[in-house]
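K.L.:
Below is one structure. I have some questions about it.
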Amino acid sequence: MIGRTLLTVALSMAAAPTSAFAPSRSNRALSGGGNSAAALKMAAESEVSFSEDLDGSTLRIGILRTRWNDEHVSNLVDGIKAGVKECKVPDDNLFIKEVPGCYELPYAAKLLAMSGTVDAIICAGVLIKGDTLHFEYISDAVTRGIMDVNLGTMTPVIYGVLNCVDEEQVRKRSSGEGGGHNHGEDWGKTAVEMALMRREALSKGASGKVKELAAMGFQSAADKTASEGVEKGKPGFF
88 MIGRTLLTVA LSMAAAPTSA FAPSRSNRAL SGGGNSAAAL KMAAESEVSF SEDLDGSTLR
148 IGILRTRWND EHVSNLVDGI KAGVKECKVP DDNLFIKEVP GCYELPYAAK LLAMSGTVDA
208 IICAGVLIKG DTLHFEYISD AVTRGIMDVN LGTMTPVIYG VLNCVDEEQV RKRSSGEGGG
268 HNHGEDWGKT AVEMALMRRE ALSKGASGKV KELAAMGFQS AADKTASEGV EKGKPGFF
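Heads up, the sequence shown is in the numbering used here, so the first residue is 88 and it goes up one at a time.
Below, the structure written as C-alpha cells:
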C-alpha cells in the first residue's frame, strides 16, 4: 500500500514540472532564455520621483567612475552632474576620481568615505554581459562591496553601476537615445537625498535620543558641537 502511494506521488511530480525549484516562464525570459523584448526594455525609463525641495547647496559629493566603457560612463557622469546641479550642489563641491574598472570601485569608495571629506559617494560604471562568467562574478563582487562600504562607514554610497545584456540596454540607460533615460540624473538626486537624511539623523542627538542614535553609529550632540568649529577642506583625497 505504501509502495503504491509513493509511486503515485512520484508520477504526479514527474508530470508537473513546475515547482519551487523550477524557474517560471517569466524568470526564464528575464535571464535571457526567452529573449523577451519586454525584458530588454525593462527599467529603461525612470520610475523614481524626487522632492523638488532637495537642497544640496552645503553638501559635498564624491563621484567615482571607471575608465572601462568610458563613453557610456562619461554619459552617466554627465547625468549625475545634471542631477546634483538640479539639487543646488555647487560645482566646487564635486569631487571626481577615475579608477580602471568596476572591481576597483568599492575599494576607492572605502578610501573616500574614510577621508571624511564627502557627504555621499556615487560609484558609476558599466558592466556588459559576455560569453564567460566574468560578468556574473564582477557584478556580484561589486554589488556586495558597495553595500559593505555603505554599512561599514555610514556614508551613503550610491550604486551607479549598470549591469546590462548588451550595449543597446546601456545606451537607453545612459543617454536619451531611443526614448531612453540617463539614470545618472537619478543617482545624483539619490546621493543628495541620502546625504540629507544622514545629516538629519546625526542632528537628532539634541532631542534626547543620543543613546539610540549612538547605537546606530550616528554622531552624538556633543561630537557635533565639537566639530562645528573645525574648518572642512575640499572634498576628495588631496
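Cβ atoms here follow ideal geometry from the backbone N, Cα and C, with glycine treated the same way.
As the structure is a prediction and not an experimental result, all values here were calculated from the model.
#1: Alpha carbons only, please: which of Val135, Ala282 and Arg152 is nearest the one belonging to Met241?
#2: Could you pull out every residue in the same chain whose Cβ sits closer than 7 Å to the Cβ of Val135, ignoring the five residues on either side in sequence?
#3: Hey, Gly212 and Val248: beta-carbon distance below 7 Å or not?
#4: Can you give the beta carbon distance from Gly143 to Val176, rounded, assuming they're within the 8 Å contact cut?
#5: Name, in chain order, the residues that DSSP records as bridge partners for Leu181.
#6: Rounded to whole angstroms, what's the CA-CA distance from Phe182 to Gly149? Just pull it up for me.
#7: For Ala293, which of helix, strand or coil comes out of DSSP?
#8: Start and end of the alpha helix (DSSP H) containing Leu199?
#9: By Cβ distance below 7 Å, which residues in the same chain neighbour Ala196 in space, the five residues on each side in sequence not counted?
#10: DSSP on Gly220, reduced to helix/strand/coil?
#11: With a threshold of 7 Å on Cβ separation, who are the neighbours of Arg154 within its own chain once the five nearest residues in sequence on each side are excluded?
#12: Have a look at Met201 and Gly239 and give me their C-alpha separation to the nearest angstrom.
#13: Quick one: Cα of Val257 to Cα of Asp140, how far?
#14: Return yes when the Cβ of Leu146 is within less than 7 Å of the Cβ of Ser261, no when it is not.
#15: Determine the burial state of Gly267: buried for a count of at least 16 other Cβ atoms within 10 Å of its Cβ, exposed for fewer.
#16: Would you identify the three-state DSSP class for Ala97, choosing helix, strand or coil?
#17: Extract the residue ranges of the beta strand (DSSP E) inside the stretch 210-287, only unbroken runs of 3 or more that lie entirely within it.
#18: Return yes when the Cβ of Cys189 is within less than 7 Å of the Cβ of Val229, no when it is not.
#19: Go ahead and pull the three-state DSSP assignment for Val186.
P.N.:
In brief:
#1: Ala282
#2: Hits under 7 Å: Asp273.
#3: yes
#4: Confirmed, about 4 Å.
#5: DSSP lists Ile148 as partners of Leu181.
#6: 5 Å
#7: Only weak support is given to the placement of Ala293: the predicted model assigns it a pLDDT of 47, under 50, and the value that follows is read from those uncertain coordinates. Reduced to three states, the DSSP call for Ala293 is helix.
#8: Leu192 to Ser202
#9: Leu151, Ile208, Cys210, Ile233, Val236 and Val244
#10: Correcting the residue type first, residue 220 is Leu in the shown sequence and not Gly. Residue state, collapsed to three classes: coil.
#11: Glu185 and Pro187
#12: 10 Å
#13: 30 Å
#14: The Cβ atoms of Ser261 and Leu146 lie no closer than 7 Å to each other.
#15: buried
#16: With a pLDDT of only 46 at Ala97, under 50, the local geometry of the prediction cannot be trusted, and the value read off the model is given with reservation. The answer is helix: DSSP assigns Ala97 an H, G or I state.
#17: Runs found: 244-251.
#18: yes
#19: Note: Val186 maps to strand in three-state DSSP.
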